[in-house]
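Inspection log for the structure reproduced underneath, given as structure tokens.
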Amino acid sequence: MNTTVLDVIKLALTLEYLESEFYTRALALPNAATFFGSTENRTAIQTIATHENQHVALLQRLLTEAGAVVPAKPNFDFTGSKNGAQPALYPDVFTNLDTFLRVAQLLEDAGVRAYKGQVEFLVSDNYLLEAFVRTHSTEARHASHIRTMRRQRGAVVKSWVSPSDAAITTAGTTPTRRTPARLP
1240 MNTTVLDVIK LALTLEYLES EFYTRALALP NAATFFGSTE NRTAIQTIAT
1290 HENQHVALLQ RLLTEAGAVV PAKPNFDFTG SKNGAQPALY PDVFTNLDTF
1340 LRVAQLLEDA GVRAYKGQVE FLVSDNYLLE AFVRTHSTEA RHASHIRTMR
1390 RQRGAVVKSW VSPSDAAITT AGTTPTRRTP ARLP
């Protein structure tokens, strides 16, 4: 397996670590029974968490079988504060279901795009290609379900990425990029 393919798998693993940890933390909340608002919502999140854990196991196995080192799971800050380096964008991510679902939508939409973007590097390996396309499909179903959950709570979103979706972030709260000075 070439280094590009290994890098694709490691990228996917990092994303799956992120998603898995996000849902696992929410399900482990002391008030998880009430946090999700309904048994149906909690069951949906449990199902998504199970899938994310399966994705982690698959990607770890693929790396191990290729003789590659499996990277350790990083530490994640789901508040968007960069581990306290800036004001949190989502300080109530694990205390407010609407914020939790907004962040879940960000993660799932990113997952769909990440898998789709990496397929071109896997076309020479039918097994990996099929595994990634199937995982992409699962991530798309997660994204759609999360968006449906948000819509049921009053958010203006479709079940797919759409220009008519309401913004997830609040104007003025996202970090601004500094444009480098231009030379004359």
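Residues in the sequence shown are numbered from 1240 upward in steps of one, following our numbering. Just so you know, even glycine gets a beta-carbon here, dropped at the ideal spot from N, CA and C.
{"Asked": "Can you check whether the CB of E1347 is closer than 9 Å to the CB of H1381?", "Found": "yes"}
{"Asked": "Can you give the Cα-Cα distance for A1272 and V1362, rounded to whole angstroms?", "Found": "43 Å"}
{"Asked": "Near L1367, which residues of its chain fall below 6 Å by C-beta distance, leaving aside the five closest residues on each side in sequence?", "Found": "L1361"}
{"Asked": "With C-beta atoms as the reference, is M1343 less than 9 Å away from Y1262?", "Found": "For the record, residue 1343 in the displayed sequence is Ala; it is not Met. Against a cut-off of 9 Å, the Cβ pair of Y1262 and A1343 comes out as a contact."}
{"Asked": "Given a threshold of 16 other Cβ atoms within 10 Å of its Cβ, counted over all protein chains shown, does S1376 qualify as buried or as exposed?", "Found": "exposed"}
{"Asked": "Which stretch, first to last residue, makes up the alpha helix (DSSP H) that contains Q1391?", "Found": "1365-1391"}
{"Asked": "Answer yes or no: do F1274 and F1333 have a C-beta to C-beta separation smaller than 9 Å?", "Found": "yes"}
{"Asked": "Should E1255 be labelled buried (16 or more other beta-carbon atoms within 10 Å of its own) or exposed?", "Found": "buried"}
{"Asked": "Our contact map puts D1331 next to R1392 with C-beta atoms below 8 Å; I'd like the distance itself, whole angstroms only.", "Found": "Rounded, the Cβ-Cβ distance is 15 Å, inconsistent with contact."}
{"Asked": "According to the neighbour-count rule (16 or more other Cβ atoms, all chains shown, within 10 Å of its Cβ), is V1295 buried or exposed?", "Found": "buried"}
{"Asked": "Got a sec, what are the start and stop residues for the alpha helix (DSSP H) E1350 sits in?", "Found": "Strictly speaking, residue 1350 in this sequence is Gly, with Glu absent from that position. Taken as a continuous stretch (DSSP letters only), the alpha helix (DSSP H) holding G1350 covers 1336-1357."}
{"Asked": "Around the C-beta of G1411, are 16 or more other C-beta atoms found within 10 angstroms, so that it is buried, or is it exposed?", "Found": "Model confidence at G1411 stands at a pLDDT of 47, short of 50, so the residue's coordinates are unreliable and nothing is read from them."}
{"Asked": "Whole-angstrom Cβ separation of Y1354 and E1378, contact assumed at under 8 Å?", "Found": "6 Å"}
{"Asked": "Could you give the DSSP three-state label for L1245: helix, strand or coil?", "Found": "helix"}
{"Asked": "Label E1304 either buried or exposed according to how many other C-beta atoms from any shown protein chain fall within 10 Å of its C-beta, with 16 as the threshold for buried.", "Found": "exposed"}
{"Asked": "Out of A1267, R1281, A1288, R1341, which one is the CA nearest neighbour of L1257?", "Found": "A1288"}
{"Asked": "Starting from the N-terminal side, write out each stretch of the alpha helix (DSSP H) that is 4 residues or longer and does not extend beyond the region 1246-1330.", "Found": "1271-1274, 1278-1304"}
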